[in-house]
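Enquirer:
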Amino acid sequence: MGWSDEDSGIILALKYMAIYAVFSNENAARQRTELPPMGSRPLQ
Numbered sequence: 300m301g302w303s304d305e306d307s308g309i310i311l312a313l314k315y316m317a318i319y320a321v322f323s324n325e326n327a328a329r330q331r332t333e334l335p336p337m338g339s340r341p342l343q
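Residue numbers for the sequence shown follow the numbering used here, beginning at 300 and rising by one.
(1) Tell me the DSSP secondary structure of S303 in three-state form.
(2) When you compare only the Cα positions, how much space is there between R331 and S323?
(3) Roughly how many whole angstroms lie between the Cα atoms of S307 and K314?
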């Protein structure tokens, strides 16, 4: 398959977006179940 740099860049971006969405969903679920809201605990 002949892929141009632009095509592979778009595919990489889509993969990273999908991975980021999974991680952010897991983090949100974890915070709802285990942790207080962000504003109620000091920033590290």
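C-beta atoms are modelled at their ideal positions from N, C-alpha and C, and glycine is treated no differently.
Expert: For this structure:
(1) coil
(2) 12 Å
(3) For S307 and K314, the distance between alpha carbons rounds to 10 Å.
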